[in-house]
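2 protein chains.
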Amino acid sequence: MSLRHALLGLLSDEPASGYELTRRFEKALQRYAWHAQHSQIYPELTKMAADSLVTVAAEGARGRRTYAITDAGRAELRRWMLDPPETFVVRDEGTLRLFLLSTLDADDARTVLVPLIDSCEREIAALRKGIADADAASGGGLPFGRLVAEYGLRSFETLRDWASWALERIEHN
Amino acid sequence: MSLRHALLGLLSDEPASGYELTRRFEKALQRYAWHAQHSQIYPELTKMAADSLVTVAAEGARGRRTYAITDAGRAELRRWMLDPPETFVVRDEGTLRLFLLSTLDADDARTVLVPLIDSCEREIAALRKGIADADAASGGGLPFGRLVAEYGLRSFETLRDWASWALERIEHN
DNA sequence: AAGTGACATGTAAAAATCTACATGTCAATC
DNA sequence: GATTGACATGTAGATTTTTACATGTCACTT
């Protein structure tokens, strides 16, 4: 039910349509936390409305339906946040690829690691800029908040550093 | 098809039965990279054998079937490793929970973050010990290699540091 | 000899997810 | 007035994953 809770989380900030939620998934959650597409989001919103976790707050132009979280929805989100399951399920193609690096020879590993380090640098630069801009504007601006941006920044720095370390280890082994 | 490639990766190290692969998923991949259960692994191995990516290398006691990767399997794994898709799909319940932290009030956020920091410390200690033991034995010993252990260690340190930073930010905001 | 626990493999049905198709609106431009 | 592109929502069918059930072996202990 993680999709459901991700949607409740996005809606707890402010009401939104399925279309907007799809965009916000792309901007804020997709990369690090949870991937979902509109073909999954629309039906899930319908089910959540049936379960009274959200309501249709407004219907606008072009068939647009704006959903708002209900008190029951907030309660369910809080319950889920405070009641961590024993095991967290992870499925991460990028990390899997990293783990399987040891199946490659040194040349192939370099072919994977060098572009990875480059793309980390680009992400880090973009995140730093986003954080600086948001801090200057002081009042948000980051897609899903300062906390998430900081998490992303630190994660990419760690990935870059690890990849550099791995590269060195592979070079002179 | 990530499950398939994860299995090829594990088998590229040495032949194994479905049962052993399930254990190795639990030890090495489950936590950070890919979650899979035996009810998915067994049928997938059968399909992979039909596709000639693996073969049944031996049949042992208790119906045990040992699978070995074929040349075609190695080629497919290498192809997948060297041909990164434009987008990596991530689904990570733990990170999602972190991202939704901003939906909680300060008290509830503390309730989530403090145990998180504790569990990071425990993971870090366990990984450090595992790495030290393996380095002393010098010849492997780590479930999926030194690279992965280092990745896990750095990731948990980053998570712990971020969580501490977030906690401080929440406390005095 | 019975019981226990790790070993070992499977399947069926339900739920979640992906891919591809499908439809239509509205605003701006040509 | 036609075209284009962003806006907006959906469904059908296939694939992947989960949950729950199902079966049996072997080694060791009581």
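So the protein sequences, as listed, match chains A and B.
According to this note's numbering, the first sequence is numbered sequentially starting from 1.
According to this note's numbering, the second sequence is numbered sequentially starting from 1001.
Positions of the beta carbon are idealized from the N, C-alpha and C atoms, including for glycine.
Would DSSP call residue i helix, strand or coil?
i: Tyr-1067 of chain B; result: strand
i: Val-89 of chain A; result: coil
i: Met-1 of chain A; result: coil
i: Pro-179 of chain A; result: Because chain A here runs from 1 to 173, residue 179 of chain A falls outside it and cannot be looked at.
i: Pro-1084 of chain B; result: coil
For residue i, report the span of its beta strand (DSSP E) as first-last.
i: Glu-1059 of chain B; result: 1054 to 1059
Output the boundary residues of the alpha helix (DSSP H) element that contains residue i.
i: Asp-118 of chain A; result: 106 to 137
i: Trp-1165 of chain B; result: 1146 to 1171
i: Tyr-32 of chain A; result: Neither: Tyr-32 of chain A is in no alpha helix (DSSP H) and is coded neither H nor E.
i: Arg-24 of chain A; result: 18 to 24
Beta carbon of residue i: closer than 7 Å to some heavy atom of the ligand GDP?
i: Asp-1071 of chain B; result: The model depicted lacks the ligand GDP and carries no ligand whatsoever.
In chain order, what residues of the same chain have a beta carbon less than 6 Å from the beta carbon of residue i, not counting five sequence neighbours either side?
i: Ala-36 of chain A; result: Leu-3, Phe-25
i: Leu-1010 of chain B; result: Leu-1021, Arg-1024
i: Leu-116 of chain A; result: Ala-163
i: Arg-1146 of chain B; result: none
Return the chain-ordered list of same chain residues with a C-beta closer than 8 Å to the C-beta of residue i, the five sequence neighbours on each side being excluded.
i: Glu-1157 of chain B; result: Cys-1120, Ile-1124
i: Leu-1101 of chain B; result: Ala-1109, Val-1112, Leu-1113, Ala-1166
i: Ala-57 of chain A; result: Pro-15, Thr-66, Tyr-67, Ala-68
i: Gly-152 of chain A; result: Arg-31, Tyr-32, Glu-123, Leu-127
i: Gly-1094 of chain B; result: none
i: Trp-1034 of chain B; result: Ser-1002, Leu-1003, Ala-1006, Phe-1025
i: Ile-1170 of chain B; result: Ala-1106, Ala-1109, Arg-1110, Leu-1113
Leaving out the 5 sequence neighbours to the left and right, which residues in its chain are closer than 7 Å to residue i when beta-carbon positions are compared?
i: Ala-72 of chain A; result: Ser-52, Leu-53
i: Glu-76 of chain A; result: Leu-8, Leu-53
i: His-5 of chain A; result: Leu-77, Trp-80
task = Examine the Cβ distances between the segment 1010 to 1020 of chain B and the segment 85 to 97 of chain A and report whether three or more of them are shorter than 8 Å.
result = Counting C-beta pairs closer than 8 Å gives fewer than three between the segment 1010 to 1020 of chain B and the segment 85 to 97 of chain A, which falls short of the contact rule.
Touching by the beta-carbon criterion (3+ pairs, under 8 Å), the segment 55 to 72 of chain A and the segment 1126 to 1134 of chain B = Too few Cβ pairs lie closer than 8 Å, so no.
message = Can you pull out the residues from the segment 106 to 128 of chain A whose beta carbon lies closer than 7 Å to at least one beta carbon of chain B?
response = Across the segment 106 to 128 of chain A, CB contacts with chain B closer than 7 Å involve Asp-108, Thr-111, Val-112, in sequence order along the chain.
ask   = Which residues, taken in chain order from the segment 1047 to 1061 of chain B, show a beta carbon closer than 8 Å to some beta carbon of chain A?
value = Against chain A - using a Cβ distance shorter than 8 Å - the segment 1047 to 1061 of chain B contributes no residues.
request  = Return the residues of the segment 85 to 108 of chain A that lie within a Cβ-Cβ distance of less than 7 Å from chain B, sorted by chain order.
outcome  = Result list: Phe-88, Val-89, Val-90, Arg-91, Asp-92, Glu-93, Gly-94, Thr-95, Leu-96, Arg-97, Leu-98, Phe-99, Leu-100, Leu-101, Ser-102, Thr-103, Leu-104, Asp-108.
Short-range partners of chain B found in the segment 18 to 40 of chain A, where Cβ spacing is below 8 Å = So the list reads Ala-28, Leu-29, Gln-30, Arg-31, Tyr-32, Ala-33, Trp-34, His-35, given in the order they occur along the chain.
task = Indicate whether the contact test is met: 3 or more Cβ pairs, each with one atom in the segment 101 to 119 of chain A and one in the segment 1108 to 1119 of chain B, closer than 8 Å.
result = By the criterion of at least three beta-carbon pairs nearer than 8 Å, the segment 101 to 119 of chain A is not in contact with the segment 1108 to 1119 of chain B.
inquiry  = Taking beta-carbon pairs under 7 Å, can you tell me which members of the segment 147 to 158 of chain A lie near chain B?
reply    = Listed by position along the chain: Leu-147, Val-148, Glu-150, Tyr-151, Arg-154, Ser-155, Thr-158.
key: Residues within the segment 1074 to 1085 of chain B neighbouring chain A, beta-carbon criterion of under 9 Å   = Only those residues of the segment 1074 to 1085 of chain B whose C-beta falls short of 9 Å from the nearest C-beta of chain A are listed: Arg-1074, Leu-1077, Arg-1078, Trp-1080, Met-1081, Leu-1082, Pro-1084, Pro-1085.
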